[in-house]
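Since the structure comes first, as C-alpha cells, the remarks are kept for the end.
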Amino acid sequence: DVDGGTPELVKWTLTDHLNTVRDMARYDSETDTTTVVNHLVYDAYGNVTAETNSAVESLFLFTARPFDPDTALQNNLNRWYDPSVGRWLSEDTAQADINLYRYAGNYPVFSTDPHGLRLVQCAYYDATPSEVPQQPVYKLIQVPDTWNGGDPCKIVLGSSIFGYWYEVPLKSKYRPGFNICRRDIQGGNCCDDLAAAIGNCCGGAHTYIQFGEVDANGNPLPGTWGLGIGGGSAGTLPLPELHFHPDSCFDLTACNAPLKYGKGAGKIGAKATDDEIKDCLSKVPMSKPYGMTSYNCKDWAEEAAAACGLCGG
C-alpha cells in the first residue's frame with residue numbers, strides 16, 4: 010500500500026505458508042525500525058475475526074489478492090470470491106471439482122486457490138504406522154514441501170476415492186515411489202473440451218500405477234516401472250506400462266492394509282518390500298470385464314493399490 014513512496018506511508022504485507030496476509034508492517038526512517046502495525050486473524054474461509062488496529066487498512070487481504078471493502082469481495086484474477094459464504098461468484102472454468110463454486114475444495118485450512126482456477130495444497134501428510142491394522146495415522150504438516158526439500162505446493166486437478174489428482178511438478182515429475190498416474194485426453198474446442206473433461210474424470214486416456222520417476226519430458230528414468238490394463242475380461246492380469254508421460258498423478262503410501270497377492274501376501278504394506286508390493290500389483294486381476302465407463306483402467310489401478318497395501322497420501 011504505497012502513497013507517494015514516502016517510507017513512513019508504505020505498508021508491507023507479511024504472509025504465512027499459505028500466502029495468507031497475517032501482518033502489516035511500517036518502516037520508521039527516524040528510528041530505522043520496522044514495526045507490525047496490524048495483525049489479522051481470519052476464520053478458515055478468510056473472514057477477518059480480529060485485528061490489532063482496524064484503522065490500518067490494506068489493499069490486500071486473506072490470500073494476498075485485492076480486496077474490495079465496499080462489496081467485501083476478493084478479486085482472485087479469474088473469479089471473485091465471497092469469504093462470508095466461502096464460495097466463488099462464478100463457476101470454475103477449469104472444471105477441476107465436482108462442485109464448481111466451493112472454495113479450495115472445502116479444505117481451506119491447508120489449501121488455497123490464488124487465481125480461482127487451481128486448488129493449491131501447501132501441506133502434506135506424514136503417514137505414521139498405527140497399532141490398529143488398516144488404520145494408518147496421518148499427521149498434517151502445515152508447511153510447503155519446499156520447506157522440507159521436497160516438491161513445491163501441489164496443484165490439485167481433481168479427485169478420486171484415493172484422494173486428489175495433482176499437477177505434475179516441472180522439475181521432479183513426482184517423488185520416487187508408488188503413484189497412480191494419468192495421461193489426459195486432450196480437447197480442442199468447446200465440445201472437445203467438454204468431452205475431454207468427462208473422459209478425464211473417468212480415467213483420462215490411460216491411468217496406471219507407476220513406481221519410480223520420469224524426466225521433465227515424461228520419459229521414464231532407469232528403473233522406473235509401471236502396470237496397467239487396456240481391456241479384457243474378469244481375471245485378466247495387468248500389462249507393463251510402455252508409454253508413461255503422465256499429465257497428473259498422486260502419491261501412494263505403503264500403509265497398514267495387507268497385501269492380498271504375490272510373495273508378500275499377508276504382510277501389511279508398511280512392512281513389505283517394494284519388490285513384494287510390485288509382485289502383488291502384477292498379480293491383481295481385473296475384477297470385472299473392461300468397459301469404458303463401467304470398469305476401466307482407473308478402476309483397476311485403485312483396486313490394485315488397495316489390494317497391495319497402498320493408501321492415498
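For the sequence shown, the working numbering gives the first residue as 10, with consecutive numbering after it.
Glycine residues also receive a C-beta, built at the ideal position from the N, C-alpha and C atoms.
Which one of the options has the shortest CA to CA distance from residue i?
| i | options | result |
| --- | --- | --- |
| L248 | T102, D122 and G235 | G235 |
| A243 | N265, Y304 and H215 | Y304 |
| L353 | D284, F253 and F69 | Outside the displayed range of the chain (10 to 322) lies residue 353, so it cannot be described from this structure. |
| G271 | A279, S291, N265 and C264 | S291 |
| A314 | G125, Q219 and E100 | Q219 |
| A316 | P298, Y51, G300 and A281 | A281 |
| D52 | K287, V94 and M295 | V94 |
| K307 | I286, V45 and N188 | N188 |
| P298 | G125, L70, P255 and T245 | T245 |
| R96 | T102, L82 and R111 | R111 |
| L74 | N28, F259 and Y116 | A small fix is needed here, since residue 74 is Arg in this sequence, not Leu. Taking only the C-alpha atoms, the option nearest R74 is N28. |
| Y54 | M295, I238, G237 and Y116 | Y116 |
| S296 | R191, E100, T61 and I238 | I238 |
Within 10 Å of its beta-carbon, does residue i have 16 or more other beta-carbons around it, so buried, or fewer, so exposed?
| i | result |
| --- | --- |
| V30 | buried |
| S257 | buried |
| I107 | exposed |
| G240 | exposed |
| N226 | exposed |
| L319 | buried |
| D41 | exposed |
| Y133 | Annotation note: pLDDT 45 at Y133 (below 50); position unreliable, no value reported. |
| T302 | exposed |
| L230 | exposed |
| E250 | buried |
| D101 | buried |
| V293 | buried |
In whole angstroms, give me the CA-to-CA distance for residue i and residue j.
| i | j | result |
| --- | --- | --- |
| L49 | L261 | 37 Å |
| N228 | D193 | 16 Å |
| A136 | A266 | The predicted position of A136 is uncertain, since its pLDDT is 38 and thus under 50; a value taken from the coordinates is nonetheless stated next. Answer to the nearest angstrom: the Cα atoms are 13 Å apart. |
| W89 | D77 | 10 Å |
| G186 | L98 | 39 Å |
| T233 | V223 | 7 Å |
| G321 | A310 | 12 Å |
| T58 | V65 | 15 Å |
| E39 | V19 | 14 Å |
| H215 | G300 | 13 Å |
| E312 | T44 | 55 Å |
| T72 | T121 | 8 Å |
| G221 | F253 | 11 Å |
| L68 | G114 | 26 Å |
| Y36 | A263 | 50 Å |
| L23 | T80 | 24 Å |
| P161 | L82 | Bear in mind that a pLDDT of 48 at P161, under 50, signals an unreliable position, so the model cannot answer this. |
| A279 | C190 | 21 Å |
| R127 | F259 | 15 Å |
| C289 | L70 | 50 Å |
Can you tell me where the alpha helix (DSSP H) with residue i in it begins and where it stops?
| i | result |
| --- | --- |
| D288 | D283 to S291 |
| K20 | Counting along the chain, K20 falls outside any alpha helix (DSSP H), though it belongs to the beta strand (DSSP E) covering K20 to T24. |
| D193 | From DSSP, D193 is part of no alpha helix (DSSP H); its letter is neither H nor E. |
| D308 | C306 to A316 |
Check the C-beta distance from residue i over to residue j and give it rounded, since I have them as a contact under 8 Å.
| i | j | result |
| --- | --- | --- |
| M33 | N56 | Not quite, the Cβ-Cβ distance comes to about 17 Å (not below 8 Å), so this is no contact. |
| N87 | H124 | 5 Å |
| D275 | I286 | Contrary to the premise, residue 275 reads as Gly rather than Asp in this sequence. The pair is not a contact, with the Cβ atoms about 13 Å apart (cut-off 8 Å). |
Where does the unbroken beta strand (DSSP E) through residue i begin, and where does it stop?
| i | result |
| --- | --- |
| E60 | V57 to E60 |
| A263 | S257 to L268 |
| A34 | V30 to D37 |
| D77 | R74 to D77 |
| N47 | T42 to Y51 |
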